[in-house]
Amino acid sequence: MRLKSIKLAGFKSFVDPVTVPFDSNMTAIVGPNGCGKSNVIDAVRWVMGESSAKTLRGESMTDVIFNGSTGRSPIGQASIELIFDNRDGELGGAYAGYNEIAVKRLVTREAQSSYFLNGQKCRRRDIADIFLGTGLGPRSYAIIGQGMISRLVEARPEELRNTLEEAAGISKYKERRRETENRLRRTQENLERLDDIREELDKQLERLKRQAEAAKRYRSLKEEEHRLRGELAVLRERALRSQQREEEARVRDYEIQVEREILGQRQCETRLAEGRETHDAVAAELESHQAAFYQTGADIARLEQSLEHARQRQQQLSGDLESAQRERDAMAQLIEQDEERRGEWDTRLETLLPEIEMADEALLTLEAQLEEAEASAQECQQRWEAFSEQDRDARHRAEREQETIQRLERQLEELTRELERRRQQRSELPDIGDLDEEKASLQEALAVLDERQQTLEIRREERQRSRERAREAQAEALVARDGERERQHRCQGEVASLEALIEAALNDDDASLAEHLADHPLGSAPRVAESLEVTSGWERTVAWVLGPWLKARLAEPELAREPMASLTSGELPVVSLQAAESAPAESLGARVKGAGALSTLLAAIHCADDATAAWQMAADLPAGHSVITRDGLWLGRGWARRLGRDDANADSVLLQRQRRDALVEELAALDATLVERDSQILHWQSEIDSCEAALEALRHEERELAGQRQSRSTRLAALESRLEHVASRLREFDAEQAQSQDRHATQRLELEAARERWQQALDRVEANGAERETLQTAREQSQARLGELRQQQQQTRQTQQQLALERQRLEAQRGELQQQIERSRGQLARLDERCELLREQQETLHEPGEDQRERLERLLETRSQQEATLDRCRERASQIGEALRQTEIDRQQHERNLEGLRQRLQEARMQVQALTLKADAQRETLAEQQQDEQELQENLDSNATESAWQNRLEETGERIRRLGAINLAAIEEYEQQAERRDYLEAQHAELSEAIETLERAIKRIDQETRTRFKQTFEEVNRGLMALFPRVFGGGAAWLTLTGEDLLETGVAIMARPPGKKNSTIHLLSGGEKALTALSLVFAIFQLNPAPFCMLDEVDAPLDDANVGRYAKLVKEMSESVQFIFITHNKIAMEAAERLMGVTMQEPGVSRLVSVGVDEAASMAEAS
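In terms of our numbering, the sequence shown is residues 171 to 1337.
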């Protein structure tokens, strides 16, 4: 998987949508400072899920949105989309089948952030999950920003461990472990809740079991009650049916009596019908006689009325005339009386005027006298008020002094009671002597405890010294082990460095020769330098002598024919594997093994102990022979060579091999020593643990002793506090008693003085008594005089008002009387007219005629005859009516008898019906109770009675009531809860099994994490130790663990460039830190290459030589890793396959220009 392109829109300075392609494995992003190069890396980090605005060089997440420039307005959102090529299927899971993966993030001004995966909206966690274990992430080792490269080696051990975990792919295991732990925690919580539920359920089951047993007893009793109710219903039905038959017999008797009474009633009705016909005939005759009698009476009445009307009219007219005459006389008399009254009122009005004038004069006189009296009364009142004020002050002083006396007397009483209470409280305080004895006892007990504590402290100090000795021994062993481990790491680093140097020294300088031999067996043949074994001390000399042949391949000449024949350039040295016969003991060949055919050359070289011996031997050398010394003097016949002490070949391959072999042996010895050191550390650790256990026991004993001492110290402190409190209270009581006595004496003196002042005030009040009586008398006399004058004034004013009112009343009454006289005179005239009219009507009326009187007498005689006939008819009708009444009485008697019989018959029928209904109700009760009546009757005891069964039913009901409240659902609930308990037991077993499974999973994850971490640590460490010498040209670097637990231990890095022995990595320069960090990053990439690596100006602190090494290393690793790096260095730019320039022609807006280096070179050559 590799990064195919980045689509930016509105992100920081990239306001316009732009697609950044990455079609090569080495892309360099170049441009001037501030043009937006680092924004590309920020964009990748942001879309991978970075949530820290500070990491993105902002204050809030909305700062990544283009905020405008001098020529552009701000925009509302920013989006970044990464396009990955996944044709190799490296990205597993659900997206393994996709050839292209698109990851997009969008943010708005409202800080709403959205993630998309292949166009589908997703969560940030989904993005993180899909890249787990790939080395990609917002803060992974694959994305290194400005200044981060040096911080990588300066990171805390925990942070460096995170980097290794990501390289090892452990992050997904940690995520799974975290999820597993969360599930385990939730499962344990569920298990705890389940245990709580089970405990509560057990309590419920116990309660429900009791309730279920009670419910079963209740059901049994209810069944018995049900049966008894059915049998009782059968017994009641039998009794009711018997009563029903008796009532039916009574009904039949009543029906016979009813028929008898109906017959008598019908006979009476027949007689009544016949009598009514006779009575109707007599009534008709009586009616005709009555009509004639009434007609005659009406004629008589009309005549008598006519005569009476004439007489009454005459009398009325006479009466009206007399009345009108009387009214006229009365009206005339009234007019005379009104005129007399008018004269009297005129006279009274004439006499009122002098009286009103006299009253006005008297009122003026009284007002003058009243003013004088008011002035005198006011003067008396002022003197009285002044005296009253003085007297009131004197009385108030007396009252205040009396209150003071009472207050002082109360205070004296309170002081007396207070003194008595203080004496009582003082007597109630404990005895100080007893408290002192108890204090001495506690002090003795504390002394004993202190002695025991000192003994324990001595024992504890001895154990602590033993522990310290063990710790010192362990610390010494740890220091020794750390030194040996450090020596081991240095040796390992030096071995790796030597191997790298040996490999570099033995590699062919001509790349074409290496390519020529790559596919030929000769290419894998060993070099002469690799197979040489030289006597100690002769390595430099042998390397100098065989220098041209050290890179030669040891092989048979026949094997070298073909490659030598096809060799076009370079040099191909080959040495035969067959060695010559054994060399002389004094020759150099005797001191070298594994030289193959070169042993012939070495056999002709003699060895001398020093230069003098060499010069002596040179004179006698045969042809073709030479002599050489250990320090590098080589003499032959006619020639001589000398190897300088500081020659560049001092570090020859042979010396390096010798040094490497020595280091390997030292590493083996160090491994054995470390094992021994570990056993010593374990021994001292067991000794420390033993001391710790003994110290813990002593501390426990000390805690118990401290508890006892604390208890007694607390009691002693409490006792001392109590003693101090008692002494203090005694002193307080004594002081308070003295103060109270002083206050008592002082207040007694104040009381005497107050009584004297009170007596003086009383004397003053008594002296004011006589003066009060004199002033009171004068004040009362003036008030009485003033009251009399005011009363006279009021009476005079009332008289004046009464006279004025009387005058107004008389004037008003006189006017009204005048009007009344005029009205009376008009009424008198009208009465004269009425009298004249009545006299005229009386004259026109005359007496009735004689014919009317004769006719009246005839009608009276006819009416007498008709009345006799009518009486006879009435007597006859009365006799018939009496017979009818008697018959009616008989009929009514029959009706009453019939009604009674019918009522009793109805009652009997209703009783029969009620009994029938009751019997049917008992049967319906049986049906409702779903009981078989026939079966009940067959099983019913022959001696069963209703009362006995009723008693049994009541007893059963009482037994049911004694059971109390019954939960009938308890049986079902008990069964359900029992099933639930079984279910919960199964759930508990499942949860327990799940917990065990999760714990096993965590253990497997931990084991896998440990294994992977250990493997990764070792491989990265080996890679670091191999890469560091290549980057630095020597030196050593290694990783160490800060702890023993591989799950939690941190990782530290140590680096020592060539010629330096720094004690910490912080002492390195910036460039050295950068190269060390690059070595670590590239070692990680060798182990677990991420899809791409982004480097932001990591070469800034490097010089040109180191930049060249950095570029060469990146070039080598670009075969398996896609590199995108930002640089200002031309050497790094030359190593890139594609240059991507970022410009800012428009202020604040970044633009991209991409060009391939090869394409540019072709275009330059073409031009």
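Ideal placement from N, C-alpha and C gives every residue a C-beta, glycine not left out.
As the structure is a prediction and not an experimental result, all values here were calculated from the model.
If you draw a straight line from the alpha carbon of H1016 to that of R1009, how long is it in whole angstroms?
One-based indexing of the sequence shown puts residue 1016 at position 846. One-based indexing of the sequence shown puts residue 1009 at position 839. Annotation note: pLDDT 49 at H1016 (below 50); position unreliable, coordinate value reported separately. A direct Cα-to-Cα measurement between H1016 and R1009 gives close to 14 Å.
Continuous beta strand (DSSP E) stretch holding D255: start and end:
Against the sequence shown, residue 255 aligns to sequence position 85. Judged by DSSP secondary structure, D255 falls within the beta strand (DSSP E) whose first and last residues are 247–255.
Please work out which residues of its chain come closer than 7 Å, Cβ to Cβ, to A1053, disregarding the five sequence neighbours upstream and downstream, and give them in chain order.
Sequence index remark: in the sequence shown, residue 1053 carries index 883 (1-based). These residues qualify, in order along the chain: G445.
Can you list, in chain order, the residues of its chain with a C-beta nearer than 8 Å to that of S757? Leave out the 5 residues immediately preceding and following it.
Stepping through the sequence shown from its first residue, residue 757 is reached at position 587. Excluding residues within five positions, the ones whose Cβ falls inside 8 Å are L772, A773, A774, I775, H776, C777.
So, are the CB atoms of D1266 and V1277 less than 8 Å apart?
Stepping through the sequence shown from its first residue, residue 1266 is reached at position 1096. Stepping through the sequence shown from its first residue, residue 1277 is reached at position 1107. Contact check for D1266 against V1277 fails: the beta carbons are separated by 8 Å or more.
With DSSP as the reference, please indicate the residues paired to S597 in a beta bridge.
Counting from one through the sequence shown, the residue named residue 597 turns up at place 427. Looking at the DSSP assignment, S597 forms no beta bridge with any residue, so it has no partner.
Answer with buried or exposed for S1332, where buried requires no fewer than 16 other C-beta atoms within 10 angstroms of its C-beta.
Here residue 1332 refers to the residue found at position 1162 when the sequence shown is read from its first residue. Burial call: exposed.
Bridge partners for F286 per DSSP, in chain order?
Numbered from its first residue, the sequence shown carries residue 286 at position 116. BP columns for F286 point to K274, K291.
Among S243, I245, G1213, nearest to V1221 - alpha-carbon criterion:
Reading the sequence shown from its first residue, position 1051 is the one you call residue 1221. It is G1213 whose Cα lies nearest to the Cα of V1221.
Please name the residue in Q662, L742, A1089, R1308 whose C-alpha comes closest to that of V698.
To locate residue 698, count along the sequence shown from 1; it is residue 528. It is L742 whose Cα lies nearest to the Cα of V698.
Q414 vs A1089 beta-carbon contact at 8 Å
Within the sequence shown, numbered from 1, the residue matching residue 414 stands at position 244. Within the sequence shown, numbered from 1, the residue matching residue 1089 stands at position 919. Yes, Cβ-Cβ distance for Q414 and A1089 is below 8 Å.
Going by DSSP, name the residue or residues bridged to H776.
Residue numbering aside, residue 776 sits at position 606 when the sequence shown is read from its first letter. When DSSP reads this structure, H776 sits in a beta bridge with S757, V797.
Looking at the structure shown, is E229 part of a helix, part of a strand, or coil, going by DSSP?
For the purposes of this step, residue 229 is taken as the residue at position 59 of the sequence shown. Under the three-state reduction of DSSP, E229 is assigned to coil, being neither helix nor strand.
At 3 residues or longer, what runs of the beta strand (DSSP E) sit wholly inside the region 1282–1329?
Restricting attention to beta strand (DSSP E) runs no shorter than 3 residues, the region 1282–1329 encloses them at 1292–1296, 1308–1313, 1321–1326, ordered along the chain.
Taking the C-alpha atoms as reference points, what is the distance between G653 and N1232?
By one-based count along the sequence shown, residue 653 stands at place 483. By one-based count along the sequence shown, residue 1232 stands at place 1062. Approximately 14 Å, taken between the alpha carbons.
Cβ distance (whole Å) where I271 is taken to contact Y285 below 8 Å
Working through the sequence shown from its first residue, we reach residue 271 at position 101. Working through the sequence shown from its first residue, we reach residue 285 at position 115. Contact between I271 and Y285 does not hold, since the beta-carbon distance rounds to 13 Å and is not under 8 Å.
Whole-angstrom distance between Q1292 and S239, CA atom to CA atom
For this step, residue 239 is matched to residue 69 along the sequence shown. For this step, residue 1292 is matched to residue 1122 along the sequence shown. Taking the straight line joining both Cα atoms gives about 34 Å.
Using the three-state DSSP reduction, which class does A1222 fall into: helix, strand or coil?
By 1-based counting over the sequence shown, the position of residue 1222 is 1052. Note: A1222 maps to strand in three-state DSSP.
Considering only residues of the region 1086–1123, which uninterrupted alpha helix (DSSP H) runs meet the minimum length of 4 residues and lie entirely inside it, listed in chain order?
As far as the region 1086–1123 is concerned, its whole alpha helix (DSSP H) runs of at least 4 residues are 1103–1109.
Along the chain, where does the beta strand (DSSP E) containing R811 start, and where does it finish?
By one-based count along the sequence shown, residue 811 stands at place 641. The continuous beta strand (DSSP E) containing R811 extends over residues 809–812.
The region 279–294 contacting the region 193–207, beta-carbon criterion three pairs below 8 Å
With the cut-off at 8 Å, the region 279–294 and the region 193–207 do not touch.
Opposing strand residues paired with T189 [DSSP bridges]:
As a working note, residue 189 is residue 19 in the sequence shown. K177.
Give the straight-line distance between the Cα atoms of L1283 and W785, rounded to the nearest whole angstrom.
Translated into positions along the sequence shown, residue 1283 becomes position 1113. Translated into positions along the sequence shown, residue 785 becomes position 615. Going by the C-alpha atoms only, they are around 51 Å apart.
How should Y1153 be labelled, buried or exposed, when 16 other C-beta atoms within 10 angstroms of its C-beta is the threshold for buried?
Walking along the sequence shown from the start, residue 1153 turns up at place 983. So Y1153 ends up on the exposed side.
Using the rule of at least 16 other Cβ atoms within 10 Å of the residue's Cβ for burial, across every protein chain shown, is W809 buried or exposed?
By one-based count along the sequence shown, residue 809 stands at place 639. Within 10 angstroms of the beta-carbon of W809 lie fewer than 16 other beta-carbons, which makes it exposed.
Please classify I602 as buried or exposed, where buried requires at least 16 neighbouring CB atoms within 10 angstroms.
In the sequence shown, the residue the question calls residue 602 occupies position 432. Residue environment for I602: exposed (fewer than 16 other C-beta atoms within 10 angstroms of its C-beta).
Beta bridge counterpart(s) of W804 as assigned by DSSP
Counting from one through the sequence shown, the residue named residue 804 turns up at place 634. BP columns for W804 point to I798, R811.
Segment limits, beta strand (DSSP E) that includes I1375:
This structure gives no information on residue 1375, because the portion of the chain shown stretches from 171 to 1337.
Just verifying my parser: in three-state terms, what is the DSSP assignment at M1080?
On the sequence shown, residue 1080 is found 910 positions in, with the first residue counted as 1. Assignment of M1080 by DSSP, reduced to helix, strand and coil, places it in the helix class.
Can you have a look at M528 and say buried or exposed, based on whether 16 or more other CB atoms are within 10 angstroms of its CB?
As a first step, residue 528 must be located in the sequence shown, where it is residue number 358. So M528 counts as exposed.
Between the beta-carbon of L626 and the beta-carbon of L852, is there less than 8 Å?
Here residue 626 refers to the residue found at position 456 of the sequence shown. Here residue 852 refers to the residue found at position 682 of the sequence shown. One thing to note: L626 has its Cβ no nearer than 8 Å to the Cβ of L852.
For V1082 and R380, I'd like the C-alpha separation in whole angstroms.
Taking the sequence shown and counting its residues from 1, the one referred to as residue 1082 is at position 912. Taking the sequence shown and counting its residues from 1, the one referred to as residue 380 is at position 210. Going from the Cα of V1082 to the Cα of R380 covers about 51 Å.
If you compare alpha carbons, which of A179, A325, G307 is closest to T1234?
Sequence index remark: in the sequence shown, residue 1234 carries index 1064 (1-based). For T1234, the nearest C-alpha among the options comes from A325.
Under a three-way DSSP split, which group does F1252 fall into?
By 1-based counting over the sequence shown, the position of residue 1252 is 1082. Assignment of F1252 by DSSP, reduced to helix, strand and coil, places it in the helix class.
What is the residue span of the beta strand (DSSP E) that L1209 lies within?
By 1-based counting over the sequence shown, the position of residue 1209 is 1039. Start and end: 1206–1211.
Bridge partners - L1265, DSSP secondary structure assignment:
Position 1095 of the sequence shown holds residue 1265. DSSP lists I314, F1295 as partners of L1265.
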